[in-house]
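Residue numbers (this note's numbering): 817 to 1286.
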(Lines of atoms letter the chains of each structure in order from A and count residues from 1; the text may use other names and numbers.)
(Lines give C-alpha, C1' and ligand atoms only; values in the text may rest on other atoms or scores of the structure.)
Protein backbone atom coordinates (compact mmCIF):
# COMPACT_ATOMS: atom_id res chain seq x y z
CA UNK A 1 0.00 0.00 0.00
CA UNK A 2 2.83 2.35 0.80
CA UNK A 3 4.39 1.64 -2.59
CA UNK A 4 1.12 2.35 -4.34
CA UNK A 5 0.71 5.56 -2.41
CA UNK A 6 4.24 6.68 -3.28
CA UNK A 7 3.71 5.97 -6.98
CA UNK A 8 0.47 7.92 -7.00
CA UNK A 9 2.17 10.82 -5.24
CA UNK A 10 5.06 10.71 -7.73
CA UNK A 11 2.79 10.96 -10.75
CA UNK A 12 0.69 13.67 -9.14
CA UNK A 13 3.69 15.83 -8.24
CA UNK A 14 5.70 15.18 -11.38
CA UNK A 15 3.07 15.24 -14.07
CA UNK A 16 0.06 16.77 -12.31
CA UNK A 17 -1.69 13.53 -13.23
CA UNK A 18 -3.64 11.14 -11.04
CA UNK A 19 -3.16 7.51 -12.07
CA UNK A 20 -4.81 5.04 -9.81
CA UNK A 21 -3.57 1.43 -9.49
CA UNK A 22 -6.58 0.01 -11.32
CA UNK A 23 -5.70 2.18 -14.34
CA UNK A 24 -2.05 1.15 -14.63
CA UNK A 25 -2.65 -1.60 -17.17
CA UNK A 26 -5.12 0.43 -19.21
CA UNK A 27 -3.65 3.91 -19.66
CA UNK A 28 -5.39 6.42 -21.84
CA UNK A 29 -3.22 7.32 -24.83
CA UNK A 30 -4.52 10.87 -24.86
CA UNK A 31 -3.39 11.30 -21.26
CA UNK A 32 0.21 10.46 -22.10
CA UNK A 33 0.10 12.68 -25.17
CA UNK A 34 -1.13 15.58 -23.06
CA UNK A 35 1.49 14.87 -20.41
CA UNK A 36 4.33 14.94 -22.94
CA UNK A 37 3.05 18.10 -24.60
CA UNK A 38 2.56 19.87 -21.29
CA UNK A 39 6.01 18.88 -20.07
CA UNK A 40 7.60 20.25 -23.23
CA UNK A 41 5.76 23.57 -22.97
CA UNK A 42 6.37 24.00 -19.26
CA UNK A 43 10.02 23.02 -19.67
CA UNK A 44 10.66 25.81 -22.18
CA UNK A 45 8.90 28.39 -20.06
CA UNK A 46 10.76 27.32 -16.91
CA UNK A 47 14.14 27.45 -18.63
CA UNK A 48 13.46 30.96 -19.88
CA UNK A 49 12.13 32.03 -16.50
CA UNK A 50 15.18 30.67 -14.66
CA UNK A 51 17.58 32.59 -16.88
CA UNK A 52 15.80 35.94 -16.66
CA UNK A 53 16.85 36.81 -13.06
CA UNK A 54 20.47 36.06 -13.94
CA UNK A 55 20.30 38.36 -16.98
CA UNK A 56 18.74 41.14 -14.91
CA UNK A 57 21.27 40.62 -12.12
CA UNK A 58 24.15 40.73 -14.60
CA UNK A 59 22.91 44.06 -15.98
CA UNK A 60 22.62 45.53 -12.48
CA UNK A 61 26.07 44.20 -11.47
CA UNK A 62 27.70 45.54 -14.63
CA UNK A 63 26.06 48.94 -14.09
CA UNK A 64 27.37 49.01 -10.51
CA UNK A 65 30.93 48.14 -11.58
CA UNK A 66 30.98 50.78 -14.30
CA UNK A 67 29.55 53.33 -11.87
CA UNK A 68 32.28 52.56 -9.32
CA UNK A 69 35.03 52.91 -11.94
CA UNK A 70 33.54 56.21 -13.05
CA UNK A 71 33.45 57.44 -9.43
CA UNK A 72 37.15 56.61 -8.93
CA UNK A 73 38.08 58.34 -12.17
CA UNK A 74 36.07 61.42 -11.17
CA UNK A 75 37.84 61.50 -7.79
CA UNK A 76 41.29 61.39 -9.43
CA UNK A 77 40.33 64.23 -11.78
CA UNK A 78 39.15 66.29 -8.81
CA UNK A 79 42.49 65.75 -7.04
CA UNK A 80 44.39 66.87 -10.15
CA UNK A 81 42.26 70.01 -10.42
CA UNK A 82 42.96 70.83 -6.77
CA UNK A 83 46.71 70.48 -7.37
CA UNK A 84 46.53 72.72 -10.44
CA UNK A 85 44.66 75.43 -8.53
CA UNK A 86 47.26 75.31 -5.74
CA UNK A 87 50.06 75.62 -8.30
CA UNK A 88 48.28 78.56 -9.90
CA UNK A 89 47.92 80.39 -6.56
CA UNK A 90 51.63 79.84 -5.82
CA UNK A 91 52.54 81.25 -9.22
CA UNK A 92 50.37 84.34 -8.63
CA UNK A 93 51.97 85.00 -5.23
CA UNK A 94 55.48 84.81 -6.74
CA UNK A 95 54.42 87.21 -9.45
CA UNK A 96 53.20 89.90 -7.03
CA UNK A 97 56.27 89.65 -4.75
CA UNK A 98 58.73 90.06 -7.60
CA UNK A 99 56.93 92.71 -9.63
CA UNK A 100 58.88 95.59 -7.99
CA UNK A 101 62.24 93.99 -8.86
CA UNK A 102 61.48 93.39 -12.52
CA UNK A 103 62.58 95.63 -15.32
CA UNK A 104 61.28 95.01 -18.77
CA UNK A 105 61.97 97.42 -21.58
CA UNK A 106 60.60 97.06 -25.05
CA UNK A 107 61.25 99.77 -27.59
CA UNK A 108 60.76 100.36 -31.27
CA UNK A 109 62.23 103.22 -33.29
CA UNK A 110 60.12 106.20 -34.22
CA UNK A 111 60.44 108.19 -37.37
CA UNK A 112 62.13 111.50 -36.73
CA UNK A 113 59.82 114.49 -36.66
CA UNK A 114 56.75 112.31 -36.95
CA UNK A 115 53.80 114.71 -37.15
CA UNK A 116 51.32 112.00 -36.08
CA UNK A 117 52.54 111.65 -32.49
CA UNK A 118 49.48 111.83 -30.28
CA UNK A 119 49.20 114.90 -28.11
CA UNK A 120 47.71 112.77 -25.36
CA UNK A 121 51.15 111.22 -24.80
CA UNK A 122 52.93 114.38 -23.71
CA UNK A 123 54.41 114.64 -20.25
CA UNK A 124 51.61 116.79 -18.83
CA UNK A 125 48.83 114.58 -20.23
CA UNK A 126 50.63 111.51 -19.01
CA UNK A 127 50.84 113.05 -15.53
CA UNK A 128 47.11 113.75 -15.52
CA UNK A 129 46.31 110.26 -16.72
CA UNK A 130 48.32 108.41 -14.08
CA UNK A 131 48.24 110.87 -11.19
CA UNK A 132 45.95 108.56 -9.14
CA UNK A 133 48.31 105.61 -8.92
CA UNK A 134 50.97 104.90 -6.31
CA UNK A 135 53.27 102.73 -8.41
CA UNK A 136 56.05 103.62 -10.74
CA UNK A 137 54.57 103.44 -14.21
CA UNK A 138 55.93 104.09 -17.66
CA UNK A 139 54.89 106.48 -20.33
CA UNK A 140 54.15 105.58 -23.92
CA UNK A 141 54.45 107.24 -27.28
CA UNK A 142 52.20 105.88 -30.01
CA UNK A 143 52.12 106.51 -33.72
CA UNK A 144 48.67 106.72 -35.28
CA UNK A 145 49.95 105.36 -38.57
CA UNK A 146 51.46 102.27 -36.95
CA UNK A 147 50.71 99.69 -34.28
CA UNK A 148 54.21 100.03 -32.87
CA UNK A 149 54.29 101.08 -29.24
CA UNK A 150 57.09 102.37 -27.07
CA UNK A 151 56.75 101.05 -23.52
CA UNK A 152 59.31 101.69 -20.74
CA UNK A 153 59.02 99.91 -17.37
CA UNK A 154 61.72 100.78 -14.88
CA UNK A 155 62.62 100.55 -11.21
CA UNK A 156 62.57 104.02 -9.65
CA UNK A 157 65.30 106.31 -11.09
CA UNK A 158 67.73 103.70 -12.44
CA UNK A 159 67.67 104.53 -16.15
CA UNK A 160 70.35 104.21 -18.81
CA UNK A 161 71.80 107.46 -20.03
CA UNK A 162 70.83 106.71 -23.60
CA UNK A 163 67.15 106.05 -22.85
CA UNK A 164 64.34 108.53 -22.55
CA UNK A 165 61.75 107.71 -19.93
CA UNK A 166 58.56 109.23 -18.54
CA UNK A 167 58.26 108.25 -14.87
CA UNK A 168 55.78 109.01 -12.14
CA UNK A 169 56.06 108.43 -8.44
CA UNK A 170 53.31 108.96 -5.89
CA UNK A 171 55.72 110.94 -3.64
CA UNK A 172 56.52 113.41 -6.38
CA UNK A 173 54.19 116.03 -7.67
CA UNK A 174 55.64 116.47 -11.12
CA UNK A 175 56.89 114.28 -13.90
CA UNK A 176 60.28 115.23 -15.29
CA UNK A 177 61.66 113.76 -18.47
CA UNK A 178 65.32 112.84 -18.33
CA UNK A 179 65.97 114.29 -21.78
CA UNK A 180 64.06 116.90 -23.73
CA UNK A 181 60.99 115.59 -25.58
CA UNK A 182 62.50 116.34 -29.01
CA UNK A 183 65.16 113.69 -28.45
CA UNK A 184 62.55 110.92 -28.21
CA UNK A 185 62.91 110.31 -31.92
CA UNK A 186 66.46 108.96 -31.38
CA UNK A 187 65.63 106.09 -29.01
CA UNK A 188 67.80 103.09 -29.84
CA UNK A 189 66.83 99.45 -29.88
CA UNK A 190 67.01 97.44 -26.65
CA UNK A 191 67.42 93.70 -27.04
CA UNK A 192 65.96 91.70 -24.09
CA UNK A 193 67.69 88.36 -23.45
CA UNK A 194 65.47 85.31 -23.74
CA UNK A 195 66.30 84.03 -20.24
CA UNK A 196 64.93 87.20 -18.60
CA UNK A 197 61.47 86.89 -20.16
CA UNK A 198 59.06 85.36 -17.62
CA UNK A 199 56.35 83.12 -18.98
CA UNK A 200 53.64 82.41 -16.36
CA UNK A 201 52.10 78.96 -15.93
CA UNK A 202 48.76 78.83 -17.71
CA UNK A 203 46.06 77.24 -15.57
CA UNK A 204 42.39 77.07 -16.58
CA UNK A 205 40.32 78.14 -13.58
CA UNK A 206 37.06 77.04 -15.23
CA UNK A 207 35.96 74.65 -17.93
CA UNK A 208 35.99 76.11 -21.44
CA UNK A 209 32.57 76.90 -22.77
CA UNK A 210 31.39 74.47 -25.38
CA UNK A 211 30.22 75.74 -28.72
CA UNK A 212 28.02 74.09 -31.33
CA UNK A 213 31.13 73.39 -33.37
CA UNK A 214 32.84 71.53 -30.48
CA UNK A 215 29.73 69.65 -29.37
CA UNK A 216 28.76 68.55 -32.84
CA UNK A 217 25.48 66.83 -33.48
CA UNK A 218 23.54 66.15 -30.26
CA UNK A 219 21.21 63.44 -31.64
CA UNK A 220 21.86 59.72 -31.03
CA UNK A 221 19.92 56.90 -32.71
CA UNK A 222 20.16 53.13 -32.27
CA UNK A 223 18.51 49.85 -31.33
CA UNK A 224 17.52 48.44 -27.94
CA UNK A 225 16.64 45.08 -26.40
CA UNK A 226 15.36 44.20 -22.96
CA UNK A 227 13.12 42.15 -20.70
CA UNK A 228 9.90 43.16 -18.92
CA UNK A 229 8.70 41.46 -15.73
CA UNK A 230 4.98 42.05 -15.22
CA UNK A 231 3.38 42.63 -11.81
CA UNK A 232 -0.39 42.02 -11.64
CA UNK A 233 -2.49 44.08 -9.23
CA UNK A 234 -6.11 42.96 -8.86
CA UNK A 235 -8.68 44.80 -6.80
CA UNK A 236 -12.21 43.61 -6.11
CA UNK A 237 -13.92 40.36 -7.05
CA UNK A 238 -15.16 38.75 -10.23
CA UNK A 239 -18.87 38.98 -10.83
CA UNK A 240 -18.72 35.54 -12.45
CA UNK A 241 -20.12 32.70 -10.25
CA UNK A 242 -17.41 30.35 -11.57
CA UNK A 243 -14.59 32.48 -10.20
CA UNK A 244 -13.62 29.74 -7.72
CA UNK A 245 -12.58 27.56 -10.65
CA UNK A 246 -9.69 29.93 -11.42
CA UNK A 247 -6.72 28.50 -9.52
CA UNK A 248 -3.80 30.56 -10.82
CA UNK A 249 -3.18 33.44 -13.19
CA UNK A 250 0.11 35.05 -14.13
CA UNK A 251 1.51 37.36 -16.79
CA UNK A 252 4.68 35.88 -18.26
CA UNK A 253 7.99 37.64 -18.97
CA UNK A 254 8.13 39.58 -22.24
CA UNK A 255 11.26 40.24 -24.36
CA UNK A 256 11.21 43.59 -26.18
CA UNK A 257 12.89 45.01 -29.27
CA UNK A 258 12.86 48.58 -30.43
CA UNK A 259 14.43 51.76 -31.75
CA UNK A 260 15.71 54.41 -29.34
CA UNK A 261 16.84 58.01 -29.73
CA UNK A 262 18.62 60.38 -27.35
CA UNK A 263 18.77 64.17 -27.74
CA UNK A 264 21.13 66.29 -25.65
CA UNK A 265 19.41 69.33 -24.12
CA UNK A 266 22.29 70.68 -21.98
CA UNK A 267 25.37 69.48 -20.11
CA UNK A 268 23.22 67.73 -17.48
CA UNK A 269 19.92 67.01 -19.25
CA UNK A 270 18.88 64.90 -22.21
CA UNK A 271 15.65 63.62 -23.78
CA UNK A 272 15.01 59.97 -24.71
CA UNK A 273 12.29 58.44 -26.85
CA UNK A 274 11.65 55.46 -29.05
CA UNK A 275 9.32 52.75 -30.32
CA UNK A 276 9.22 49.26 -28.76
CA UNK A 277 7.43 46.03 -29.63
CA UNK A 278 6.68 43.12 -27.30
CA UNK A 279 4.08 40.45 -26.54
CA UNK A 280 2.31 40.21 -23.20
CA UNK A 281 0.99 36.72 -22.43
CA UNK A 282 -1.37 36.14 -19.50
CA UNK A 283 -1.98 32.49 -18.62
CA UNK A 284 -5.04 31.36 -16.63
CA UNK A 285 -5.31 27.87 -15.12
CA UNK A 286 -8.54 26.20 -14.00
CA UNK A 287 -9.59 23.00 -12.29
CA UNK A 288 -13.11 21.80 -13.09
CA UNK A 289 -15.04 18.83 -11.76
CA UNK A 290 -17.76 18.03 -14.31
CA UNK A 291 -20.66 15.62 -13.73
CA UNK A 292 -20.53 13.20 -16.63
CA UNK A 293 -24.01 11.69 -16.99
CA UNK A 294 -25.04 8.87 -19.29
CA UNK A 295 -28.55 10.34 -19.42
CA UNK A 296 -27.36 13.42 -21.30
CA UNK A 297 -25.04 11.60 -23.69
CA UNK A 298 -25.35 12.00 -27.42
CA UNK A 299 -24.80 8.87 -29.54
CA UNK A 300 -22.58 9.66 -32.53
CA UNK A 301 -22.23 6.05 -33.70
CA UNK A 302 -19.17 4.45 -32.18
CA UNK A 303 -18.81 7.08 -29.45
CA UNK A 304 -20.89 8.93 -26.90
CA UNK A 305 -20.50 12.64 -26.24
CA UNK A 306 -21.33 15.05 -23.47
CA UNK A 307 -21.21 18.80 -24.14
CA UNK A 308 -20.63 21.59 -21.62
CA UNK A 309 -20.80 25.35 -21.96
CA UNK A 310 -19.35 27.79 -19.44
CA UNK A 311 -18.33 31.41 -19.09
CA UNK A 312 -15.01 31.38 -17.28
CA UNK A 313 -13.46 34.47 -15.69
CA UNK A 314 -9.99 35.80 -16.53
CA UNK A 315 -8.09 38.86 -15.46
CA UNK A 316 -8.84 40.38 -18.86
CA UNK A 317 -12.56 39.56 -19.03
CA UNK A 318 -14.85 36.55 -19.32
CA UNK A 319 -14.26 33.81 -21.88
CA UNK A 320 -17.09 31.65 -23.21
CA UNK A 321 -15.99 28.01 -23.47
CA UNK A 322 -17.47 25.03 -25.30
CA UNK A 323 -16.22 21.65 -24.08
CA UNK A 324 -17.05 18.30 -25.65
CA UNK A 325 -16.07 15.03 -23.95
CA UNK A 326 -16.43 11.71 -25.76
CA UNK A 327 -16.06 8.07 -24.69
CA UNK A 328 -16.17 4.75 -26.50
CA UNK A 329 -19.34 2.73 -26.36
CA UNK A 330 -17.60 -0.18 -24.63
CA UNK A 331 -16.08 1.82 -21.79
CA UNK A 332 -17.36 1.17 -18.29
CA UNK A 333 -18.96 4.15 -16.63
CA UNK A 334 -21.41 4.77 -13.88
CA UNK A 335 -24.67 6.54 -14.52
CA UNK A 336 -23.32 9.74 -12.97
CA UNK A 337 -19.58 10.13 -12.57
CA UNK A 338 -17.53 13.23 -11.91
CA UNK A 339 -14.76 13.98 -14.37
CA UNK A 340 -11.82 16.05 -13.08
CA UNK A 341 -10.26 18.33 -15.69
CA UNK A 342 -7.26 20.66 -15.62
CA UNK A 343 -7.08 23.15 -18.43
CA UNK A 344 -5.52 26.50 -19.15
CA UNK A 345 -5.82 29.42 -21.53
CA UNK A 346 -3.32 32.01 -22.70
CA UNK A 347 -4.40 35.54 -23.55
CA UNK A 348 -1.76 37.05 -25.83
CA UNK A 349 -1.51 40.75 -26.71
CA UNK A 350 0.74 42.30 -29.37
CA UNK A 351 1.79 45.72 -28.07
CA UNK A 352 3.55 48.72 -29.56
CA UNK A 353 4.81 51.13 -26.89
CA UNK A 354 6.21 54.67 -27.10
CA UNK A 355 8.38 55.63 -24.07
CA UNK A 356 9.25 59.30 -23.54
CA UNK A 357 11.60 60.27 -20.71
CA UNK A 358 13.99 62.97 -19.46
CA UNK A 359 17.47 62.02 -18.19
CA UNK A 360 19.59 63.86 -15.61
CA UNK A 361 23.37 63.31 -15.27
CA UNK A 362 24.43 64.30 -11.72
CA UNK A 363 28.16 63.57 -12.06
CA UNK A 364 29.46 64.09 -15.59
CA UNK A 365 28.18 65.96 -18.61
CA UNK A 366 26.26 63.60 -20.90
CA UNK A 367 27.90 60.40 -19.60
CA UNK A 368 28.05 58.16 -16.58
CA UNK A 369 25.22 57.43 -14.17
CA UNK A 370 21.91 59.16 -14.85
CA UNK A 371 18.38 59.26 -13.45
CA UNK A 372 15.40 58.92 -15.78
CA UNK A 373 11.66 59.47 -15.56
CA UNK A 374 8.79 59.81 -17.99
CA UNK A 375 5.67 58.30 -19.54
CA UNK A 376 5.17 55.05 -21.48
CA UNK A 377 2.20 54.74 -23.83
CA UNK A 378 1.00 51.25 -24.81
CA UNK A 379 -1.02 50.61 -27.95
CA UNK A 380 -2.58 47.11 -28.09
CA UNK A 381 -2.46 46.00 -31.72
CA UNK A 382 -4.03 42.55 -31.28
CA UNK A 383 -5.59 40.62 -28.40
CA UNK A 384 -6.69 36.99 -28.59
CA UNK A 385 -6.76 33.59 -26.87
CA UNK A 386 -3.64 32.00 -28.33
CA UNK A 387 -3.49 28.63 -26.54
CA UNK A 388 -5.85 26.17 -24.87
CA UNK A 389 -4.63 23.07 -23.01
CA UNK A 390 -6.83 20.48 -21.30
CA UNK A 391 -5.90 17.46 -19.20
CA UNK A 392 -8.26 14.69 -18.04
CA UNK A 393 -7.69 12.58 -14.92
CA UNK A 394 -9.98 9.72 -16.07
CA UNK A 395 -9.36 7.01 -18.62
CA UNK A 396 -12.99 6.82 -19.69
CA UNK A 397 -12.53 10.00 -21.68
CA UNK A 398 -11.32 9.21 -25.16
CA UNK A 399 -11.35 12.60 -26.86
CA UNK A 400 -11.73 16.17 -25.72
CA UNK A 401 -12.64 19.18 -27.78
CA UNK A 402 -12.42 22.68 -26.39
CA UNK A 403 -13.30 25.96 -28.11
CA UNK A 404 -13.52 29.52 -26.82
CA UNK A 405 -15.29 32.73 -27.71
CA UNK A 406 -13.54 35.88 -26.51
CA UNK A 407 -14.43 39.54 -26.97
CA UNK A 408 -11.11 41.23 -27.68
CA UNK A 409 -12.62 44.72 -27.35
CA UNK A 410 -13.36 44.41 -23.64
CA UNK A 411 -9.81 45.45 -22.65
CA UNK A 412 -8.32 48.93 -23.02
CA UNK A 413 -6.47 49.49 -26.27
CA UNK A 414 -4.49 52.47 -24.93
CA UNK A 415 -2.65 52.25 -21.58
CA UNK A 416 -0.38 54.72 -19.79
CA UNK A 417 2.40 54.06 -17.27
CA UNK A 418 4.69 56.37 -15.29
CA UNK A 419 8.31 55.15 -15.47
CA UNK A 420 11.30 55.88 -13.24
CA UNK A 421 14.73 54.30 -13.21
CA UNK A 422 18.49 54.57 -13.20
CA UNK A 423 20.91 54.06 -16.06
CA UNK A 424 24.52 54.26 -17.15
CA UNK A 425 25.90 55.70 -20.39
CA UNK A 426 29.35 54.72 -21.70
CA UNK A 427 31.23 55.97 -24.75
CA UNK A 428 32.42 53.19 -27.09
CA UNK A 429 34.39 55.46 -29.38
CA UNK A 430 34.00 58.71 -31.22
CA UNK A 431 30.40 58.25 -32.34
CA UNK A 432 29.04 55.18 -30.49
CA UNK A 433 27.52 54.91 -27.01
CA UNK A 434 26.23 52.09 -24.79
CA UNK A 435 23.35 52.68 -22.36
CA UNK A 436 21.98 50.33 -19.70
CA UNK A 437 18.78 51.01 -17.77
CA UNK A 438 16.80 49.43 -14.94
CA UNK A 439 13.20 50.70 -14.98
CA UNK A 440 9.99 50.44 -12.97
CA UNK A 441 6.60 51.37 -14.40
CA UNK A 442 3.40 52.06 -12.49
CA UNK A 443 0.13 51.73 -14.41
CA UNK A 444 -1.93 54.92 -14.55
CA UNK A 445 -5.08 53.20 -15.87
CA UNK A 446 -6.44 49.63 -15.60
CA UNK A 447 -6.12 47.19 -18.47
CA UNK A 448 -9.55 45.70 -17.64
CA UNK A 449 -12.21 47.10 -15.35
CA UNK A 450 -15.79 46.39 -14.24
CA UNK A 451 -17.97 47.79 -11.49
CA UNK A 452 -16.50 45.44 -8.86
CA UNK A 453 -13.13 44.55 -10.36
CA UNK A 454 -9.98 46.34 -11.51
CA UNK A 455 -6.85 44.81 -13.06
CA UNK A 456 -3.65 46.91 -13.22
CA UNK A 457 -0.40 45.61 -14.71
CA UNK A 458 2.84 47.23 -13.49
CA UNK A 459 6.28 46.22 -14.71
CA UNK A 460 9.96 46.12 -13.82
CA UNK A 461 12.60 45.57 -16.46
CA UNK A 462 16.05 46.14 -17.88
CA UNK A 463 17.09 47.54 -21.23
CA UNK A 464 20.34 47.63 -23.23
CA UNK A 465 20.86 50.07 -26.12
CA UNK A 466 23.62 50.85 -28.61
CA UNK A 467 23.40 54.38 -30.05
CA UNK A 468 25.25 56.17 -32.86
CA UNK A 469 25.77 59.90 -33.24
CA UNK A 470 24.12 61.23 -36.39
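Note that the Cβ used here is the ideal one computed from N, Cα and C, for glycine as well.
Problem - Alpha carbon of residue 1177 to alpha carbon of residue 1034, nearest angstrom - result: Here residue 1177 refers to the residue found at position 361 of the chain shown. Here residue 1034 refers to the residue found at position 218 of the chain shown. Inter-residue distance for residue 1177 and residue 1034 is about 15 Å (C-alpha atoms, whole angstroms).
Handout entry: Close-in-space but distant-in-sequence residues of the same chain around residue 1039 (CB under 8 Å, 5 per side omitted)
Key = Walking along the chain shown from the start, residue 1039 turns up at place 223. Closer than 8 Å at Cβ, skipping near neighbours: 1073, 1074, 1075, 1076, 1281 and 1282.
Practice task
With a threshold of 16 other CB atoms inside 10 Å of the CB of residue 1255, please say whether the residue is buried or exposed.
Solution key: Here the question's residue 1255 lines up with position 439 in the chain shown. Buried, by the Cβ-count rule.
Practice task
Give every residue of the same chain whose Cβ lies closer than 8 Å to the Cβ of residue 763, excluding the five residues on either side of it in the sequence, and list them in chain order.
Solution key: Summary: the structure shown does not reach residue 763, with the chain confined to residues 817 through 1286, and so no result is reported for it.
Exercise for the section: To the nearest angstrom, report how far apart residue 1078 and residue 1089 are at their CA atoms. Expected result: Start at 1 with the first residue of the chain shown, and residue 1078 comes out as number 262. Start at 1 with the first residue of the chain shown, and residue 1089 comes out as number 273. In this model, residue 1078 and residue 1089 are separated by some 7 Å (Cα to Cα).
Handout entry: Same chain, Cβ closer than 7 Å to residue 1170, neighbours up to 5 away in sequence not counted
Key = Reading the chain shown from its first residue, position 354 is the one you call residue 1170. Excluding five sequence positions before and after residue 1170, the CB atoms of its chain that fall closer than 7 Å to its own CB belong to 1091 and 1193, given in chain order.
Handout entry: Selected residue, minimal CA-CA separation from residue 1045, among 881, 1285 and 1275
Key = In the chain shown, the residue the question calls residue 1045 occupies position 229. Residue 1275 is the option with its Cα nearest to residue 1045.
Problem - Terminal residues of the beta strand (DSSP E) in which residue 1144 lies - result: Counting from 1 along the chain shown, the entry for residue 1144 is found at position 328. Following the DSSP letters along the chain, one finds residue 1144 inside the beta strand (DSSP E) bounded by residues 1135 to 1144.
Exercise for the section: Quick one: which unbroken beta strand (DSSP E) runs of 3-plus residues sit fully inside the segment 1193 to 1251? Chain order, please. Expected result: Every beta strand (DSSP E) of 3 residues or more that sits fully in the segment 1193 to 1251 is shown, in chain order, as 1215 to 1222 and 1230 to 1243.
Exercise for the section: Would you tell me roughly how many angstroms separate the C-alpha atoms of residue 879 and residue 1130, rounded to the nearest one? Expected result: In the chain shown, the residue the question calls residue 879 occupies position 63. In the chain shown, the residue the question calls residue 1130 occupies position 314. Approximately 38 Å between the Cα atoms of the pair.
Handout entry: Buried or exposed by the 16-neighbour rule on C-beta atoms within 10 Å, applied to residue 893
Key = By 1-based counting over the chain shown, the position of residue 893 is 77. By the neighbour-count rule (16 or more Cβ atoms within 10 Å), residue 893 is not buried but exposed.
Practice task
Quick one: grab the DSSP three-state call for residue 874.
Solution key: Here residue 874 corresponds to residue number 58 of the chain shown, with the count starting at 1. Per DSSP, reduced to three states, the secondary structure at residue 874 is helical.
Handout entry: Selection from 1285, 1286, 1278 and 1265 that minimises the alpha carbon distance to residue 1049
Key = Against the chain shown, residue 1049 aligns to sequence position 233. Closest option to residue 1049, Cα to Cα, is 1265.
Handout entry: Rounded separation between residue 1165 and residue 1081 - CA only
Key = Numbered from 1 along the chain shown, position 349 holds the residue referred to as residue 1165. Numbered from 1 along the chain shown, position 265 holds the residue referred to as residue 1081. Taking the straight line from one Cα to the other gives about 36 Å.
Practice task
Answer yes or no: do residue 1271 and residue 1132 have a C-beta to C-beta separation smaller than 8 Å?
Solution key: If you number the chain shown from 1, residue 1271 lands on position 455. If you number the chain shown from 1, residue 1132 lands on position 316. In contact: residue 1271 and residue 1132 (Cβ atoms closer than 8 Å).
Problem - Proximity to residue 1175 [Cα-Cα], best of 1167, 1162 and 1189 - result: Taking the first residue of the chain shown as position 1, residue 1175 is located at position 359. Considering only alpha carbons, the answer is 1189.
Problem - Check whether residue 1159 and residue 1102 have beta carbons under 8 Å apart - result: Taking the chain shown and counting its residues from 1, one reaches residue 1159 at position 343. Taking the chain shown and counting its residues from 1, one reaches residue 1102 at position 286. Residue 1159 is a Cβ neighbour of residue 1102, given a cutoff of 8 Å.
Problem - Helix, strand or coil at residue 1268 [DSSP, three-state] - result: Residue numbering aside, residue 1268 sits at position 452 when the chain shown is read from its first letter. Correct three-state label for residue 1268: coil.
Problem - Counted within 10 angstroms of its Cβ, other Cβ atoms place residue 1134 as buried (16 or more) or exposed - result: On the chain shown, residue 1134 is found 318 positions in, with the first residue counted as 1. The C-beta of residue 1134 has 16 or more other C-beta atoms within 10 Å across all chains shown, which makes the residue buried.
Problem - N- and C-terminal bounds of the beta strand (DSSP E) containing residue 1066 - result: Taking the first residue of the chain shown as position 1, residue 1066 is located at position 250. Its beta strand (DSSP E) spans residues 1062 to 1067.
Handout entry: Burial state of residue 884, where buried means 16 or more other Cβ atoms lie within 10 Å
Key = For the purposes of this step, residue 884 is taken as the residue at position 68 of the chain shown. Answer is exposed; the Cβ neighbour count stays below 16.
Handout entry: Reduced DSSP secondary structure (H/G/I, E/B, other) of residue 1100
Key = Translated into positions along the chain shown, residue 1100 becomes position 284. Residue 1100 falls in the strand class under three-state DSSP.
Practice task
Alpha carbon to alpha carbon, how far is residue 1153 from residue 1220? Give it in angstroms, no decimals.
Solution key: The residue given as residue 1220 occupies position 404 in the chain shown. The residue given as residue 1153 occupies position 337 in the chain shown. Cα to Cα, the separation comes out at about 25 Å.
Problem - Residues of its chain near residue 1042, where Cβ-Cβ distance is below 6 Å and the 5 sequence neighbours each way are ignored - result: Position 226 of the chain shown holds residue 1042. Closer than 6 Å at Cβ, skipping near neighbours: 1072, 1277, 1278 and 1279.
Handout entry: Pairwise C-alpha distance: residue 1239 and residue 1087
Key = For this step, residue 1087 is matched to residue 271 along the chain shown. For this step, residue 1239 is matched to residue 423 along the chain shown. Going from the Cα of residue 1087 to the Cα of residue 1239 covers about 13 Å.
Handout entry: Cβ neighbour criterion (16 or more within 10 Å) applied to residue 1235
Key = The residue you call residue 1235 lines up with position 419 of the chain shown. Under this definition residue 1235 is a buried residue.
Practice task
Taking the CB atoms as reference points, tell me whether residue 1060 and residue 1098 lie closer together than 8 Å.
Solution key: Here residue 1060 is taken as the residue at index 244 of the chain shown, counted from 1. Here residue 1098 is taken as the residue at index 282 of the chain shown, counted from 1. Contact flag unset, no.
Handout entry: residue 1259 - partner residues in DSSP beta bridges
Key = Position 443 of the chain shown, counted from the first residue, corresponds to residue 1259. Among the bridge pairs identified by DSSP, residue 1259 is matched with 1233.
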